[in-house]
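Down below is the structure, laid out as structure tokens.
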Amino acid sequence: MPYVVCEPCINCKYTDCVEVCPVDCFYEGPNFLAIHPDECIDCNACVPTCPVEAIYPDDEVPEEWQHYIEWNRYLAEQWKEMGYNITEKKGPLPDAEEWRSRPKSEKDILTWEAPAQQ
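Residue numbering for the sequence shown follows the UniProt record's numbering, beginning at 1 and increasing consecutively.
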């Protein structure tokens with residue numbers, strides 16, 4: 001039962017969760033974090049550290065956010081290939097507090113540009 005980062009993380013990207021992860025299974029996008037489900041050991045260390053309550057066990061993800069289970073896999077794989085594993089706490093995005101109460105959706109998730117093929 002891996003853990004899943006859900007919609008409240010979008011445009012906030014607090015990284016308290018990565019600091020406590022014993023297996024470094026978090027991957028970082030420009031405005032969102034994702035947990036790689038094959039690397040997560042289900043320890044629950046990240047859940048209480050998330051200030052926006054964005055992390056859930058995959059069997060407890062609210063119905064309206066079920067698609068984030070696949071989004072985490074997809075984005076974590078993509079960001080892993082690009083070298084965006086995050087293992088240390090960073091500051092949140094500059095307008096994170098403002099985004100805590102704003103409506104958002106998966107359409108707001110940004111990703112890194114793939115390197116140009118040579």
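Built from N, CA and C at the ideal position, the CB exists for glycine as well.
As DSSP reads the structure, Tyr27 sits in a beta bridge with Ala34, Asn85. A distance below 9 Å separates the beta carbons of Tyr27 and Leu75. Residue ranges of uninterrupted alpha helix (DSSP H) with 4 or more members, entirely inside the UniProt region "Disordered" (91 to 118) and ordered along the chain, are 96 to 99. When DSSP assignments are scanned along the region 44 to 88, the uninterrupted stretches of alpha helix (DSSP H) that are 4 or more residues long and fall wholly within it turn out to be 68 to 81. The beta-bridge partner set that DSSP reports for Val4 consists of Tyr56. Residue state for Cys17 is assigned as helix, using DSSP reduced to three classes.
When the Cα atoms are used, Ile41 and Val23 turn out to be separated by approximately 7 Å.
The beta carbon of Glu39 sits closer than 7 Å to the beta carbons of Val23, Cys25 from its chain, once the five residues preceding and following it are set aside; these are given in chain order.
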